[in-house]
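Novice:
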């Protein structure tokens, strides 16, 4: 039996496969967020936990609500520099004297950092932070010039 050698030619040009490591994936997410929202909501450090956030505006304030279950108020650090708000925290692993054999482990551990460029100017001296049932709530009053003003309309006769 004679072996026949065949030449195989691709019908289309092959594109190299790009692999994603943890850093490049976060860089790509940040690039996409920056293209659409500026750096509002930028994840500044890769971690095992990214605390979910709602950031919304009322007539008088910006309000940020962040879910941080399992943390205490003492384990959260909030800083405000100009219009950049940064929230840091750490989910510490459970320290147990005995040996644990996990069947499933989905509760994240490690540090997280979230930074936000605030879309309006706020009065930093009047910011209030509340913590209840694993929810952090920041109420950041807007400066007077950033608040919406109602302009009355006079009717000409």
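Residue numbers (full-length UniProt numbering): 1 to 157.
Don't be surprised by glycine CBs; every beta carbon is placed ideally from N, CA and C.
As the structure is a computational prediction, the values presented were derived from the model and not from experiment.
Which of the three DSSP states, helix, strand or coil, is assigned to residue 129?
Specialist: The DSSP-derived three-state label of residue 129 is strand.
Novice: Identify whether residue 139 lies in helix, strand or coil by the three-state DSSP scheme.
Specialist: strand
Novice: Assign residue 142 to one of two classes, buried (16 or more other C-beta atoms within 10 Å of its C-beta) or exposed (fewer than that).
Specialist: buried
Novice: Could you check whether residue 138 and residue 68 sit closer than 8 angstroms to each other, using their CB atoms as the reference points?
Specialist: no
Novice: Could you name the residues of the same chain whose beta carbon sits closer than 6 angstroms to that of residue 87, not counting the 5 residues immediately before and after it, in chain order?
Specialist: 78 and 114
Novice: Tell me whether residue 153 is buried or exposed, calling it buried when 16 or more other Cβ atoms sit within 10 Å of its Cβ.
Specialist: exposed
Novice: Use the C-beta contact count for residue 140: other C-beta atoms within 10 angstroms, 16 or more gives buried, fewer gives exposed.
Specialist: Around the beta carbon of residue 140, 16 or more other beta carbons lie within 10 angstroms, which makes this residue buried.
Novice: Tell me which same chain residues have a C-beta within less than 7 angstroms of the C-beta of residue 75, skipping the five on either side of it?
Specialist: So the qualifying residues of the chain are 89 and 90.
Novice: In the DSSP output, what is residue 91 paired with across the bridge?
Specialist: 110
Novice: On the premise that residue 83 lies in contact with residue 144, defined as a C-beta separation below 8 angstroms, what is that separation, rounded to the nearest angstrom?
Specialist: 16 angstroms between Cβ atoms; not a contact.
Novice: Please identify the residue among 50, 49, 52 and 60 whose C-alpha is closest to the C-alpha of residue 126.
Specialist: 60
Novice: Measure the Cβ-Cβ separation of residue 118 and residue 71 and say whether it is below 8 angstroms.
Specialist: Not in contact: residue 118 and residue 71 (Cβ atoms no closer than 8 angstroms).
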